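Under the numbering used here, the letters of the sequence shown match residues 11 to 433, in that order. In what follows, a single structure is set out as structure tokens and then discussed.
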Amino acid sequence: MATVCAKVFKHHLKADGSYNVKIRIFHKNEKKYIDTEHYVTDKQLSKNMTIKDPIINRKVNLKIDEYRLAISNISEKLDFFSAEALRDFLLNNNKEIDFIEFCDAHICQLKKDKRGGTAANHTTVRNSLVDYFGRKKVSILEITAPMLRSYERFLRGTRTIKRSNQLKKEVTTESAGITDSGIYNYMRDLRTLFNAAREKYNDEDLGIIRIPHYPFKKYKVGSPPATKKRNISTKLIIKIRECETAKNSRAELAKELFMLSFYLCGINAVDLYYISKNNIKKGRLEYNRCKTEGRRKDNAFISIKVIDEAAPLLEKYIEKLSVRYATSKGFDGALSRGMKHLRETTGIPEITYYWARHSFANCARNDCRISKDDIALALNHVDNGHRTTDIYIAKDWRIVDEVQLKVVNLLRNGRSKANHGSK
Numbered sequence: 011m012a013t014v015c016a017k018v019f020k021h022h023l024k025a026d027g028s029y030n031v032k033i034r035i036f037h038k039n040e041k042k043y044i045d046t047e048h049y050v051t052d053k054q055l056s057k058n059m060t061i062k063d064p065i066i067n068r069k070v071n072l073k074i075d076e077y078r079l080a081i082s083n084i085s086e087k088l089d090f091f092s093a094e095a096l097r098d099f100l101l102n103n104n105k106e107i108d109f110i111e112f113c114d115a116h117i118c119q120l121k122k123d124k125r126g127g128t129a130a131n132h133t134t135v136r137n138s139l140v141d142y143f144g145r146k147k148v149s150i151l152e153i154t155a156p157m158l159r160s161y162e163r164f165l166r167g168t169r170t171i172k173r174s175n176q177l178k179k180e181v182t183t184e185s186a187g188i189t190d191s192g193i194y195n196y197m198r199d200l201r202t203l204f205n206a207a208r209e210k211y212n213d214e215d216l217g218i219i220r221i222p223h224y225p226f227k228k229y230k231v232g233s234p235p236a237t238k239k240r241n242i243s244t245k246l247i248i249k250i251r252e253c254e255t256a257k258n259s260r261a262e263l264a265k266e267l268f269m270l271s272f273y274l275c276g277i278n279a280v281d282l283y284y285i286s287k288n289n290i291k292k293g294r295l296e297y298n299r300c301k302t303e304g305r306r307k308d309n310a311f312i313s314i315k316v317i318d319e320a321a322p323l324l325e326k327y328i329e330k331l332s333v334r335y336a337t338s339k340g341f342d343g344a345l346s347r348g349m350k351h352l353r354e355t356t357g358i359p360e361i362t363y364y365w366a367r368h369s370f371a372n373c374a375r376n377d378c379r380i381s382k383d384d385i386a387l388a389l390n391h392v393d394n395g396h397r398t399t400d401i402y403i404a405k406d407w408r409i410v411d412e413v414q415l416k417v418v419n420l421l422r423n424g425r426s427k428a429n430h431g432s433k
């Protein structure tokens, strides 16, 4: 059985003549200590260093009784605890969990794991919670089903947002209410964060339940709304390629990177931001897809041929984007604004950079009749239905080359027809 008592050590004398009162946990022949907020002087101690001050004794004994009760509640599983684990349990058992603080730590770990996209999405949710509560400390017990319904109404309405820009200056903007699709994404990510907190703080095997409630049992996130198809025809892609944009403008950036993505099998913007010249080997672009690198055994590796149309654009932008923009988020913002100008220039509504990836896949399937499996390989997707089969089959990048060539030939033939028609 673990024992708990108060201790004061003579060799812990501070410069001001005081000693910190510690609580000693003795378990499995090991001793661990917890510092308290109480300090005593020689006048409050007996010769054998025991506390004789009744007020301090009363306060310390209240904490000791609290710890003893907590140990009693887990007595059947006490053998599974080391002395250190028991100390940590006692320290945190009744400590209120700050959900924002947890989110910050969790997001930091996501960034270390190179899951920048997920980290960015969770940061957006974290910030919106601060906006909703109007403070940066939120108890996890405040995340309830009624709160989630109120939070949803908050997200749907117009709201004022204050954020720090790259220069650390606070910028205030007005945000319109988000759509059903946006609500799903916010609530899905909030649920993921809540589940991660339960995973960290609850241990059902040891009977440690610091987060006893689950608001998503009553508040249902539901299924995602039907995704609107985000693709355009080869005719419109050619229109983007041939449109005139001002030199060194954001519209030019958007136009050229949109086309580069299409030429390189729908490469994501964040990957263009991070790749370097070292990723080009023997005329091929070889890299690990940032979005899924840390979650796949193959580290989301892909090898794509640098075709003639892609080579000059790749040379123009490789290693330049990370210099021009301090962060990938800043780059995304510039690209988004550039796409807005491109929409105005071409008259193509709604289109975003990500439509290049969707359009590549759509052209491959519907215009070139390429199999979905080969398209998935070109897009660097994982086919969960073929996980076992994939163990036996080595990836053949010539398949990706064939998909790429067939799709790009649609543009090449389109250019030939356009040139022929202009004569």
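For each residue, glycine too, the CB sits at the ideal point set by N, CA and C. Computed from a prediction, not measured in an experiment: that's the story for all the values here.
- Secondary structure of A256 (DSSP, three-state): coil.
- Following the DSSP letters along the chain, one finds R198 inside the alpha helix (DSSP H) bounded by residues 190-211.
- Sequence-distant Cβ neighbours of R78 in its own chain, meaning closer than 8 Å and more than five residues away, are V14.
- As summarised for the segment 217-276, there are no continuous beta strand (DSSP E) elements at least 3 residues long confined to that stretch.
- Taking the Cα positions, D75 is about 10 Å away from I81.
- Counting the other Cβ atoms within 10 Å of the Cβ of I65 gives fewer than 16, which makes it exposed.
- In the DSSP assignment, H116 forms no beta bridge with any residue.
- Look at I361 here: in three-state DSSP terms it is coil, with no helix or strand label.
- Membership of Y142 in the alpha helix (DSSP H) is indicated by the continuous run 126-143.
- Annotation for S185: the continuous beta strand (DSSP E) segment containing it runs 180-185.
- Residue pairing by DSSP puts T170 in a beta bridge opposite E184.
- Our two residues, T133 and P156, have alpha carbons roughly 23 Å apart in a direct line.
- For the pair L323 and E266, the CB atoms are nearer than the 8 Å cut-off.
- Our two residues, N298 and S313, have alpha carbons roughly 9 Å apart in a direct line.
- In the DSSP assignment, Y283 falls within the alpha helix (DSSP H) that extends over 279-284.
- Between S286 and I277, the C-beta gap is not smaller than 8 Å, which leaves the two residues out of contact.
- The beta-carbon distance between K41 and A93, rounded to whole angstroms, is 7 Å. This is short enough to meet the 8 Å contact definition.
- According to the DSSP assignment, Y327 belongs to the alpha helix (DSSP H) that extends over 320-327.
- When DSSP reads this structure, A80 sits in no beta bridge, so it has no partner.
- In terms of Cβ geometry, H48 and K20 do not form a close pair [threshold 8 Å].
- Straight-line spacing of the CA atoms in L88 and M11 works out to 8 Å.
- Bounds of any beta strand (DSSP E) do not take in V316, whose DSSP letter is neither H nor E.
- The shortest C-alpha to C-alpha distance from E214 to any of A404, F90, K291 is the one to F90.
- The segment 346-355 and the segment 250-263 touch, with no fewer than 3 CB-CB distances between them shorter than 8 Å.
- Taking the C-beta atoms as reference points, P225 is found no nearer than 8 Å to S191.
- Secondary structure note for R294: its beta strand (DSSP E) is the uninterrupted segment 294-298.
- The beta carbon of S346 lies closer than 6 Å to none in the same chain, with the five residues before and after it left out.
- Inclusion of Y363 and A256 in the CB contact set at 8 Å is not warranted, their separation being larger than that value.
- N390 carries a coil assignment under DSSP once its states are collapsed to helix, strand and coil.
- Restricting attention to alpha helix (DSSP H) runs no shorter than 4 residues, the segment 41-95 encloses them at 64-83, ordered along the chain.
- One thing to note: I193 has its Cβ no nearer than 8 Å to the Cβ of R173.
- Put simply, the segment 194-208 touches the segment 217-231. At least three CB pairs are less than 8 Å apart.
- Taking the C-beta atoms as reference points, I150 is found nearer than 8 Å to F109.
- Between I84 and G187, the gap from beta carbon to beta carbon reaches 8 Å or more.
- Take G293, set aside five residues on each side of it, and the residues of its chain with a beta-carbon closer than 6 Å to its own are V316, in chain order.
- In summary, H22 is exposed, with fewer than 16 beta-carbon neighbours lying within 10 Å of its beta-carbon over all protein chains present.
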